[in-house]
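Start counting the sequence shown at 1; every next residue gets the next number (the UniProt record's numbering). Even for Gly, the Cβ is constructed at its ideal location relative to N, Cα and C. Since the structure comes first, as structure tokens, the remarks are kept for the end.
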Amino acid sequence: MRDQKLRPGALTATPGGAPDPRETMRVLPGFLQPTLTWLTGKPLGDQRPWQLKPLHHLWASVLPIVAGIALGAAVVGEGWWMLLLPASWLLTTHGIRKLRVMIVHQCSHANFLRHKQIDSAIGSAIALLLVTQEYGEYKSEHVSDHHSSNHMTLKDPTVQFLMLVLGMRVGMTRRQLWRRMLAGVFSPRLQAKATCSRVASHFRGTAAWYRALFLALVGGQLMVVIALGIWVEYLVVWVFPLVFLFNAAATIRLSSRHIFPARGPVPKGRATLAGYTHGVFFGEAAPGPEVPGVRRVLSWSRWWLRMLFVHLPARLFVFVGDGPCHDYHHRFPRSRDWANYIFARHRDIAAGHPGWPPYTEVWGLVAAINAVFTTLSAADLRLYDVSQVTSVSRQELLSAFEE
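Written out as structure tokens, the structure is:
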């Protein structure tokens, strides 16, 4: 499953009769099914749809941050208890990223509460508090370049980040592209530049009162830290996930987000739009009933270990929120049922995806990255000749860093 090819997004079966990994989990107890639906990003074929509201996702973003900070503050400097710090970082980063890539993302489409002014205020507040790209700049860039005819061209921020910041090129092998991505994840220079760019975006074309508010919020935060003498806790529990882990997760997400068009005539309209994005689900087929005795115990043990320590961290760290169903968002960017994205996508497939090509999907983070890198390696060099890019600020590119 780790290197599964793109396949039509059928409800219960893959081409050739191979079972849908999610359907193989039907043998597990019913009380586990909602969690498995969230973790995989895909429901059972006959599962009753959820009826979540936008505020559910807001609280589901804030609470992990609170829990992560509380856990981290409790274990810093406490000997062996510090082994729990990765759990703290994972929770905090998950909440931060969900606020940024799901809540702010929906706000940019005026689709969170479907009230333009309120959505704008929420998006601006989150960008200020988390020091991510300034909301107005992000909204303009996202809607004009990512949701337009510029999508997956050299004008798309995602393509520009991969090629101009990470140095990926058409014709590189998949191994070379992996190295570029991992070098970006762990590069102190890229981390520093990305962080400075996040800060700089709040001073680019913003009003004087906004800049003063930004400085007051950051300055007030630092004054509290100094007064309480909690520099270690502040840096380890908050700054590390806010800066390094956020940037690292964003780099991986951008490397697994959209596939590149094949060489030759590029299809137009909805066929093009649908072809750039696929569902990315997390998990693998559960062991079948035919596995005997001891092998069955070992197979289930391996399955649970991989679900908990491979797929769950990938879901929490990289593909937060509606990330697994990003293909549905590109088909319906202002869907009223975005809060129930898992079932909205499923329902569209069940209805025959009217007016659109079939959905495709991959299972697992490695497979998602490989899908992007395979298509980038084989893309048309004429469409992705970076020498054609003359007016892009790398400073602005680094501040984008997301959906």
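Cα-Cα separation, residue i to residue j
{"i": "G323", "j": "F244", "result": "20 Å"}
{"i": "L11", "j": "P265", "result": "Summary for L11: the model assigns pLDDT 34, below 50, so the residue's position carries little reliability; its value from the coordinates is reported in the next sentence. Cα-Cα distance, rounded: 30 Å."}
{"i": "G275", "j": "P261", "result": "7 Å"}
{"i": "G229", "j": "M223", "result": "10 Å"}
{"i": "P165", "j": "H56", "result": "What sits at residue 165 in the sequence shown is Val, not Pro. Their Cα atoms are separated by approximately 35 Å."}
{"i": "R307", "j": "T40", "result": "Reading off the sequence shown, one finds Met at residue 307, where the question assumed Arg. Going from the Cα of M307 to the Cα of T40 covers about 9 Å."}
{"i": "W89", "j": "P188", "result": "19 Å"}
{"i": "G220", "j": "A74", "result": "23 Å"}
{"i": "T158", "j": "V294", "result": "47 Å"}
{"i": "A127", "j": "Q106", "result": "13 Å"}
{"i": "R204", "j": "R198", "result": "11 Å"}
{"i": "S301", "j": "L213", "result": "52 Å"}
{"i": "W209", "j": "A216", "result": "10 Å"}
{"i": "N370", "j": "V310", "result": "16 Å"}
{"i": "A379", "j": "L83", "result": "44 Å"}
{"i": "V237", "j": "G77", "result": "11 Å"}
{"i": "T206", "j": "A250", "result": "25 Å"}
{"i": "R296", "j": "P287", "result": "7 Å"}
{"i": "R179", "j": "A227", "result": "43 Å"}
{"i": "L36", "j": "I252", "result": "23 Å"}
{"i": "M163", "j": "G184", "result": "12 Å"}
{"i": "L58", "j": "T92", "result": "14 Å"}
{"i": "I71", "j": "Q33", "result": "Residue identity check: residue 71 is Leu in the sequence provided, not Ile. Cα to Cα, the separation comes out at about 27 Å."}
{"i": "P333", "j": "R114", "result": "12 Å"}
{"i": "R315", "j": "H353", "result": "26 Å"}
{"i": "V225", "j": "M102", "result": "29 Å"}
{"i": "W81", "j": "G279", "result": "38 Å"}
Buried/exposed call for residue i, threshold 16 Cβ in 10 Å
{"i": "T195", "result": "buried"}
{"i": "G68", "result": "buried"}
{"i": "D119", "result": "buried"}
{"i": "A192", "result": "exposed"}
{"i": "P43", "result": "buried"}
{"i": "L28", "result": "exposed"}
{"i": "W363", "result": "buried"}
{"i": "F31", "result": "exposed"}
{"i": "A18", "result": "exposed"}
{"i": "F319", "result": "buried"}
{"i": "K116", "result": "exposed"}
{"i": "S255", "result": "buried"}
{"i": "W231", "result": "exposed"}
{"i": "R241", "result": "The displayed chain sequence assigns Pro, not Arg, to residue 241. P241 comes out buried."}
{"i": "G79", "result": "exposed"}
{"i": "G355", "result": "exposed"}
{"i": "P86", "result": "exposed"}
{"i": "V239", "result": "exposed"}
{"i": "L177", "result": "buried"}
{"i": "A350", "result": "exposed"}
{"i": "W338", "result": "buried"}
{"i": "D348", "result": "buried"}
{"i": "V368", "result": "One detail in the question is off: residue 368 reads as Ala in this sequence, not Val. It is buried - the Cβ of A368 has at least 16 other Cβ atoms within 10 Å."}
Spatial neighbours of residue i in its chain, beta-carbon cut-off 6 Å, leaving aside the 5 residues before and after
{"i": "T173", "result": "none"}
{"i": "T277", "result": "H258, H326, D327, H330"}
{"i": "H202", "result": "E134, F214"}
{"i": "V170", "result": "A379, L381, Y384"}
{"i": "G95", "result": "S61, P64, I65"}
{"i": "L190", "result": "G184"}
{"i": "residue 404", "result": "The requested residue 404 is not part of the displayed model; the chain covers only 1 to 403."}
Which residues DSSP lists as bridging residue i, in chain order
{"i": "G279", "result": "E361"}
Close Cβ partners of residue i (< 7 Å) along its chain, the five nearest in sequence each way excluded
{"i": "S124", "result": "Y135"}
{"i": "S108", "result": "G123, Y138, K139, H142, V143"}
{"i": "M152", "result": "V159, H258, F260, P261, Y276"}
{"i": "V131", "result": "R198, V199"}
{"i": "T374", "result": "R174"}
{"i": "S299", "result": "P287, V291"}
{"i": "Q388", "result": "L154"}
{"i": "R26", "result": "L44"}
{"i": "F246", "result": "T93, I96, R97"}
{"i": "S335", "result": "A344"}
Other residues of its chain near residue i: CB distance less than 8 Å, five sequence neighbours each side excluded
{"i": "F186", "result": "A248"}
{"i": "residue 424", "result": "Here the chain has residues from 1 to 403 only, and residue 424 is not among them."}
{"i": "P357", "result": "R270, A271, A274, G275"}
{"i": "L312", "result": "L39, F282"}
{"i": "W303", "result": "E284, A286, P287"}
{"i": "L129", "result": "L217"}
{"i": "R211", "result": "H202, F203"}
Legend entry - the region 36–50 in contact with the region 341–348 per 3-pair CB rule at 8 Å: yes
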